[in-house]
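Below is one structure; the comments refer to it alone.
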Amino acid sequence: MAAVESAGELIVERGEGVHIWDESGRRYLDATAGLWYCNVGFGREELAEAAAAQIRKLAAYSTFGDLSNRPATELAEHVSALAPVPDSRVFLTSGGSDSIETAAKMARRYWHLQGQSDRTLFVTRERAYHGMHVAGTSLAGIEANIAGYGAFVRDVLKVAWDSPQALRDAIAFATPQRVAAFFCEPVIGAGGVFAPPEGYLQEVREICRETGVLFVADEVITGFGRLGDWFASRRWDLEPDILTCAKGITSGYLPMGAVIASPRVAEPFWSDGTGMWRHGYTYSGHATSAAVALANLDIMEREALPTRALALETELAVALAPLADHPLVEDVRAGTGVLAAVQPSTDAMAEDPTLPARLVAACRANGIMTRSLASEALQISPALVIDEAGLTELRDGIGAALDACC
Ligand code: PLP
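Counting in the working numbering, the sequence shown runs without a single skipped number right up to 617 at its last residue.
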């Protein structure tokens, strides 16, 4: 709000592929794919057609109780077929934060149905981002996102982001009979793009298995291609009990998210004779969002974008590598999925705390749209359709911005 007050707002008007244009006609290479979502790139005519066709037929209708609509049912089946655990069930939401709240409630409800109502604790990681709703805010490991609200959900234990032993200790401290779930982004995104240390994910997965704690993979960013597979959990064979996703499911053309429940978690909800699970959103299974999601997944399959992303992870890392030699750069994190971060030097930021904001502005001035993440690193997560020319444009634009800030 203060930024708008002092400098006015920048109105983004249109997009095409990896580029966006503001109202004055200035073009930017979008380093971020919106907020990590536009996996197929902007301006896809067939997604506009899919939305228009569905709106003409039935824009939306409740999916409560026994009701559904054809796109929602087809999408749930399609996502289930892509899921890391076979025969999973899919709960459609309106976005990532909804998916997190749904997963948190699902985890506790699961244990309640198992007769283990004391399993209410959640374990989460420092640096984590799990959305903006009440449970998600409490689960966040980014201090600035929690400060000033008190504890919405008190039953949260936070552990170091990179230490399996810290998870083991936290579960032992609480006793496993009290812990419902461990929430884990396979690659930390908004916290600053931190890939898991070698073996970390396999080890924390195993700890959850040993202690019975549900493993929740938060794949709101990593789902739908960005990690070189449909889900990071497939790439690393994590078999999550619950998986949360959003963003790439529609490439952001319309809002939608999903929670994928493995058969273990889904079973008691389907067999429970005590009544329905009283949880659902007005726009759960929104027919037009679902139709666009199906068309979006068609594009991803036809153009083999998850496979393309696997090749891109190296190409992106190679393209950005020279930036690591710049005096204002501490670190370039890249090489795991189409995700990267350019971390400004700690010394330079100590000297000038406005450096991250100046860098973002200088990127814009040099035709690159990005933003500063929680660690103050620049976010790099372009659409999965970026080509060699786009990668060069990205590197040169950031390089020029760094030079301008010296
Ligand atoms: N979880 C993760 C890992 C995210 O990165 C985000 C959003 O960036 C969310 C949850 C929340 O998603 P949304 O902003 O769609 O509510």
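Idealized CB from N, CA, C, for every residue including glycine.
**Report entry** Straight-line gap, residue 232 to residue 483 (C-alpha atoms, nearest Å)
**Finding:** 52 Å
Query raised in the report: Does at least one heavy atom of the ligand PLP sit under 7 Å from the Cβ of residue 244?
Result: no
Requested in this report: Indicate, with yes or no, if the ligand PLP has a heavy atom lying under 7 Å from the CB of residue 341.
Outcome: yes
**Report entry** residue 247: CB within 7 Å of a non-hydrogen atom of the ligand PLP
**Finding:** yes
Query raised in the report: Below 8 Å between beta carbons: does that hold for residue 523 and residue 553?
Result: Taking 8 Å as the Cβ cut-off, residue 523 and residue 553 do not qualify as a contacting pair.
Report task. Indicate the three-state DSSP secondary structure (helix, strand or coil) for residue 448 in the structure shown. Result -> If DSSP states are grouped into helix, strand and coil, residue 448 belongs with coil.
Report task. Determine which residues share a DSSP beta bridge with residue 468 and list them. Result -> According to DSSP, residue 468 bridges with 304.
**Report entry** Rounded straight-line distance, which links the Cα of residue 611 to that of residue 413
**Finding:** Taking the straight line from one Cα to the other gives about 40 Å.
**Report entry** Cα-Cα separation, residue 585 to residue 496
**Finding:** 32 Å
Query raised in the report: Could you give the uninterrupted runs of the beta strand (DSSP E) lying entirely in the stretch 283–345, keeping only those of 3 residues or more?
Result: 300–304 and 332–336
Query raised in the report: Looking at residue 241 and the ligand PLP, is the gap between the Cβ and the nearest heavy atom below 7 Å?
Result: no
Query raised in the report: For residue 476, which three-state DSSP category applies?
Result: helix
Report task. Tell me whether residue 588 counts as near the ligand PLP, meaning its Cβ is closer than 7 Å to at least one heavy atom of that ligand. Result -> no
Query raised in the report: Do you know offhand how far residue 590's Cα is from residue 212's?
Result: 21 Å
Query raised in the report: Any chance the CB of residue 347 is under 7 Å from a heavy atom of the ligand PLP?
Result: yes
Query raised in the report: With C-beta atoms as the reference, is residue 430 less than 8 Å away from residue 397?
Result: Going by C-beta atoms, residue 430 is nearer than 8 Å to residue 397.
Query raised in the report: So which of 393, 238 and 229 has the shortest CA-CA distance to residue 221?
Result: 238
Query raised in the report: Just how far apart, CA to CA, sit residue 601 and residue 395?
Result: Residue 601 and residue 395: Cα-Cα distance of roughly 31 Å.
Query raised in the report: Taking the runs of the beta strand (DSSP E) that are 3 residues or longer, which of them lie wholly in the stretch 551–595?
Result: Complete beta strand (DSSP E) runs here, min 3: 551–555 and 589–591.
Query raised in the report: Shortest alpha-carbon distance to residue 598 belongs to which of 241, 234, 308 and 560?
Result: 241
Requested in this report: Name the two residues that bound the continuous beta strand (DSSP E) containing residue 494.
Outcome: From DSSP, residue 494 is part of no beta strand (DSSP E); its letter is neither H nor E.
Query raised in the report: Among the residues of its own chain, which have a CB less than 6 Å from the CB of residue 471, if the five just before and after it don't count?
Result: 294, 299, 301 and 454
Query raised in the report: How big is the Cα-Cα spacing for residue 357 and residue 363?
Result: 9 Å
Query raised in the report: DSSP state of residue 439, grouped into three classes?
Result: Coil.
Query raised in the report: What did DSSP end up calling residue 488 once you bin it into helix, strand or coil?
Result: If DSSP states are grouped into helix, strand and coil, residue 488 belongs with coil.
Query raised in the report: Quick one: Cα of residue 460 to Cα of residue 540, how far?
Result: Here the alpha carbon of residue 460 sits roughly 34 Å from the alpha carbon of residue 540.
Report task. Assign residue 616 to one of two classes, buried (16 or more other C-beta atoms within 10 Å of its C-beta) or exposed (fewer than that). Result -> buried
Query raised in the report: If residue 537 and residue 313 are in contact, beta carbons under 8 Å, what's the gap, nearest whole angstrom?
Result: The Cβ separation is near 43 Å, so there is no contact.
Query raised in the report: CA-CA distance, residue 245 and residue 485?
Result: 43 Å
Query raised in the report: When burial is assigned at 16 or more other CB atoms within 10 Å of the CB, is residue 564 buried or exposed?
Result: exposed
Query raised in the report: Quick one: does the C-beta of residue 457 sit closer than 7 Å to a heavy atom of the ligand PLP?
Result: yes
Query raised in the report: Smallest Cα separation from residue 410: which of 603, 247, 447 and 427?
Result: Per the Cα distances, 447.
Query raised in the report: Taking the C-alpha atoms as reference points, what is the distance between residue 451 and residue 416?
Result: 8 Å
Query raised in the report: If residue 498 and residue 265 are in contact, beta carbons under 8 Å, what's the gap, nearest whole angstrom?
Result: Right, their Cβ atoms sit about 6 Å apart.
Requested in this report: Give a single yes or no on whether residue 351 has its beta carbon closer than 7 Å to a heavy atom of the ligand FMN.
Outcome: Of the ligands one can find in the structure shown, namely the ligand PLP, none is the ligand FMN.
Requested in this report: State yes or no: is the C-beta of residue 308 nearer than 7 Å to some heavy atom of the ligand PLP?
Outcome: yes
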